[in-house]
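Note sheet for the following structure.
Residue numbers (our numbering): 3 to 496.
The following block contains the structure:
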């Protein structure tokens, strides 16, 4: 017997109601769209309009608040100047490394979504107190998102959970932007190196809430069998890989994971493992050599002189120094301090000459700033000075010159201490103070501003009998910064 129209309509309405009831318990439409996009990407099937299943931003709606719907016209805003050194696109958009189109007004909505997902997970676990480090996090996000310099974070040897949350959320935002614009994202995109199994578990737990947003993280450490990890890597393509150095190199040798194309390299706990610095350095160098691309590097470290050369090699130049606190110790990490004794004012030119020649022989840097009194500047280029096997060229009227031997050329820039501006020393990795500052505070002001764009630096200063009243405070400062204290300072202090 044929069914009537009413029976067919009732059956269709019943199936619609069942579908609506089942969708109430599912994830939100946005999350399901992101998950669906990721599944299509892994299956090699992508929509022509591929935008992670939601509309692309426009110059009028850069944050995609209106989801492609037209809104009433609003008053035009003044044009923003944009990010210095970046190529400007239409209105508020800029093109950065990799061709990513980024809005320059502030953090994206997806970044906030990732941060909120992690914070909600913490609250569910009963951890209500979350430290607010938004100013630090926004600066880090800017460095990562706009393709600026590598980052040396000097707050401590290990990242806090809030720092990890901001870092993984920032990278997640970049992954989302690239997929939204149809740019291929390598797997893994982020390689997060940790010193211990405990730290690997902690970082993996922070990344876990991002799985619902389409960001999958895997942790590799000696606590699990290598066969289990081999099986897990075959069944997924994680965006984030968290690993200890030893286990990672073991799996790379077995060709179980390919890290050659990672976009971000994070080294957490840099220098931890006292007594094994050489082995740790060798492992990190091997990991860096395996990566054939030029990843953005973020290093979390405190003061560890044995790791200074490795930090310089991993980060390169230029970099950005970043710290959660404003202490002298944090802001002077990897900057060596050398205090030289000079018996009289008349011998200072000779002492400065000795320091410059020694630096030319021993240091690989090519530029040095010498700060001295205006009336003494021309003494360095006097024809009466003997520079051993070196010669002076390109002498300027301001006292600056180039010094070169058979192997190296170094530019010596001479500035008047009477008119020195502290922001001018930021671009110099080596600074020599011909006259010790009138106070330790002034010395600290120079110390915390040099080598702002380099992993390592050196501050030389001449100390005379007239500066003896500063000896005690200077000894304390050098000790706090874990610097060698010369014997003459101890004698002045006693």
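Where a beta carbon is used, it is the ideal one built from N, C-alpha and C, also for glycine.
As the structure is a computational prediction, the values presented were derived from the model and not from experiment.
For residue 378, the secondary structure class from DSSP, reduced to helix, strand or coil, is helix.
Looking only at 457, 466, 143, the smallest Cα-Cα distance to residue 313 is reached by 457.
Distance from the CA atom of residue 272 to the CA atom of residue 335, rounded to whole angstroms, is 12 Å.
Between the C-alpha atoms of residue 221 and residue 246 there is a straight-line separation of about 9 Å. As the crow flies, the alpha-carbon of residue 244 is around 48 Å from that of residue 354. Short of 6 Å from the beta carbon of residue 265, and not among the five residues preceding or following it, lie these beta carbons of its own chain, in chain order: 191, 297. The segment 313-324 and the segment 433-445 do not touch, with fewer than 3 CB-CB distances between them shorter than 8 Å. The Cβ atoms of residue 199 and residue 158 do not sit closer than 7 Å to each other. Counting along the chain, the unbroken alpha helix (DSSP H) around residue 474 starts and ends at 473-482. Secondary structure of residue 155 (DSSP, three-state): strand.
Around the CB of residue 256, fewer than 16 other CB atoms lie within 10 Å, so the residue is classed as exposed.
In the structure shown, the three-state DSSP call for residue 404 is strand.
Residue 328 and residue 39 have their alpha carbons spaced roughly 43 Å apart. With contacts defined by Cβ atoms closer than 7 Å, residue 154 and residue 254 do not form a contacting pair. Taking the Cβ atoms as the reference, residue 376 lies roughly 5 Å from residue 418, within the contact range of under 8 Å.
Residue burial is scored here from C-beta neighbours: residue 367 has at least 16 other C-beta atoms within 10 angstroms and is therefore classed as buried. Counting along the chain, the unbroken alpha helix (DSSP H) around residue 230 starts and ends at 228-236. Residue pairing from DSSP places residue 462 in a beta bridge opposite 340, 434. Annotated three-state conformation of residue 410 is coil, per DSSP. Excluding its 5 nearest sequence neighbours in each direction, residue 413 has C-beta neighbours in its own chain below 6 Å: 369, 404, listed in chain order. The alpha carbon of residue 484 has as its nearest neighbour, out of 195, 340, 293, 201, the alpha carbon of 340.
Contact annotation: the segment 110-120 touches the segment 175-194, with at least three C-beta pairs closer than 8 Å. In this structure, the CA atom of residue 122 is about 29 Å from the CA atom of residue 21. Shown here, residue 141 sits in a helix according to DSSP, grouped into three states. In this model, residue 400 and residue 422 are separated by some 13 Å (Cα to Cα).
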